Amino acid sequence: MAGSNPLFGIHGTALALRSQRLSMLASNIANAATPGYKARDIDFDKAMGLAAQGQGLDGAADGAISYRVPVTQSLDGNTVELSTEQTLFAENAVQYRTTLAFLEGRISTVKRALRGE
17 MAGSNPLFGI
27 HGTALALRSQ
37 RLSMLASNIA
47 NAATPGYKAR
57 DIDFDKAMGL
67 AAQGQGLDGA
77 ADGAISYRVP
87 VTQSLDGNTV
97 ELSTEQTLFA
107 ENAVQYRTTL
117 AFLEGRISTV
127 KRALRGE
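Right under this line is the structure:
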């Protein structure tokens with residue numbers, strides 16, 4: 017996989033993609049009242065698949081971006097539905113922390129091995 021590290025495997029890529037998705041979802045939330053703003057999201061599974069095919073991290077993220085289709089149309093053309101964005105942000109944050117905890121555990125194991133513990 018492009019950009020992967022043998023120590024971290026796909027988890028390093030997953031962490032970076034989850035971070036990019038958090039930023040995008042935060043941007044959607046911040047622009048909830050901006051007329052004409054179009055909510056975007058990264059399809060995480062698609063991005064991981066693109067990364068596995070050799071796309072760089074940015075290429076994988078860019079290839080998995082789509083505009084959200086709102087359940088209810090707003091009069092000002094804004095497609096952000098705050099409850100949806102907040103839920104997706106919270107879910108992605110939990111997944112980010114889980115991946116980060118896994119990587120921290122792996123790093124801790126390597127450190128102990130290097131110290132001979």
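With my numbering applied, the sequence shown has no gaps in its numbers, which climb one by one up to 133 at the end.
Even glycine gets a Cβ: it sits at the ideal position worked out from N, Cα and C.
None of these values were measured; they are calculated from a predicted model.
Backbone secondary structure at residue i - three-state DSSP
i: Gly134; result: Nothing can be reported for residue 134, as the shown portion of the chain is limited to 17 through 133.
i: Tyr53; result: coil
i: Ser90; result: coil
i: Ala48; result: coil
With 16 other Cβ atoms within 10 Å as the buried cut-off, status of residue i
i: Arg37; result: buried
Reference residue i; option with closest CA among the options
i: Ala106; options: Ile26, Leu41, Pro86 and Asp78; result: Leu41
i: Ser43; options: Gln69, Gly72, Leu33 and Val96; result: Val96
i: Ala67; options: Leu119, His27, Lys54 and Thr125; result: His27
contact_flag[the stretch 73 to 85, the stretch 50 to 63] where n(CB pairs < 8 Å) is 3 or more: yes
Every unbroken alpha helix (DSSP H) inside the stretch 56 to 88 [4 residues or more]: 60 to 68 and 73 to 79
At least three beta-carbon pairs within less than 8 Å, the stretch 46 to 57 to the stretch 118 to 133: no
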